[in-house]
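Student: With the first letter of the sequence shown counted as 1, position 168 gets the number 171 in this note's numbering; the numbers rise by one all the way through.
Before I ask anything, let me first share the structure, which is written out below as structure tokens.
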Amino acid sequence: MTDFGHGMISRGLAKIIAKNSRFLAVNAQSNSANMGFNLVTQYPSADYICIDGPEARLAIADKFASAADIAKNFLSPKLNCDKIILTQGMNGCVTFEKDVGTKHIPVFTKTVIDTVGAGDAFLAVTSPLVAAGGLMEHVGFIGNAAGAMKVGIIGHRKSVEKIDLLKFVTALLK
Numbered sequence: 004m005t006d007f008g009h010g011m012i013s014r015g016l017a018k019i020i021a022k023n024s025r026f027l028a029v030n031a032q033s034n035s036a037n038m039g040f041n042l043v044t045q046y047p048s049a050d051y052i053c054i055d056g057p058e059a060r061l062a063i064a065d066k067f068a069s070a071a072d073i074a075k076n077f078l079s080p081k082l083n084c085d086k087i088i089l090t091q092g093m094n095g096c097v098t099f100e101k102d103v104g105t106k107h108i109p110v111f112t113k114t115v116i117d118t119v120g121a122g123d124a125f126l127a128v129t130s131p132l133v134a135a136g137g138l139m140e141h142v143g144f145i146g147n148a149a150g151a152m153k154v155g156i157i158g159h160r161k162s163v164e165k166i167d168l169l170k171f172v173t174a175l176l177k
């Protein structure tokens, strides 16, 4: 579920969604429209959290902790979530899995045309992988591949397609 913070999802509705979900993947975005008042902390029972670094820092009110520390020592225990990815733009992402710990996954492109929708593409690709039991390190790798493809597309002119993503991942693995 992506909560853009435009008032569509109240705290009460968030609780109902959390209570009735078989698998809950959450991305709660902080942006200029909600002025940082739309924090992931309103989803304390998500199965998977995927937010960017600044959103994570807002959620724990800490400007200086490392992404790995935020995921492992703050967000996971506070939100009772065993699987977290913090995206970090040009610095890749940090994955966290309770019994595995944290891993840094690098970015797979240096050419950025437009970042609009990169986080959404990342979440759309990674959520089903996490729900299927994928290892977070692998999930982060595939998510970063999707993000790398999306930042090469202007706006929403084109989606990241499955076949193109599979070809890109295959090329990365060679």
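Don't be surprised by glycine CBs; every beta carbon is placed ideally from N, CA and C.
(1) Is it a yes or a no for the region 112-130 touching the region 51-59, going by three-plus beta-carbon pairs under 8 Å?
(2) Mapping the DSSP letters down to three states, classify D6 as helix, strand or coil.
(3) For L16 and K177, what's the separation of their Cα atoms in angstroms?
(4) Using the Cα positions of M38 and A31, report the straight-line distance between them to the nearest angstrom.
(5) Counting only the same chain and skipping the five closest in sequence on each side, list residues whose C-beta sits under 6 Å from that of I108.
(6) Is it the case that the Cβ atoms of L82 and V43 are separated by a distance below 8 Å?
(7) Let me make sure I understand the geometry here. Which of A49, Q45 and G10 has the alpha-carbon closest to that of F26?
(8) Leaving out the 5 sequence neighbours to the left and right, which residues in its chain are closer than 6 Å to T118 when beta-carbon positions are compared?
(9) Can the beta-carbon of A68 be found closer than 8 Å to that of F77?
(10) Are there 16 or more other CB atoms within 10 angstroms of the CB of N34, so buried, or fewer, so exposed?
(11) To the nearest angstrom, report how far apart Q45 and D6 are at their CA atoms.
(12) According to DSSP, simplified to helix, strand and coil, what is G104?
(13) Please list, in chain order, all residues of the same chain as A28 whose beta carbon is under 6 Å from its beta carbon, the five residues on each side excluded.
(14) Taking all protein chains shown into account, decide if L61 is buried (16 or more other Cβ within 10 angstroms of its Cβ) or exposed.
Tutor: By the coordinates alone:
(1) yes
(2) strand
(3) 45 Å
(4) 13 Å
(5) G95, C96, G143, F144 and N147
(6) yes
(7) Check the Cα spacing between F26 and each of A49, Q45 and G10: the tightest is with A49.
(8) V154
(9) yes
(10) exposed
(11) 10 Å
(12) Shown here, G104 sits in a strand according to DSSP, grouped into three states.
(13) Y51 and S130
(14) buried
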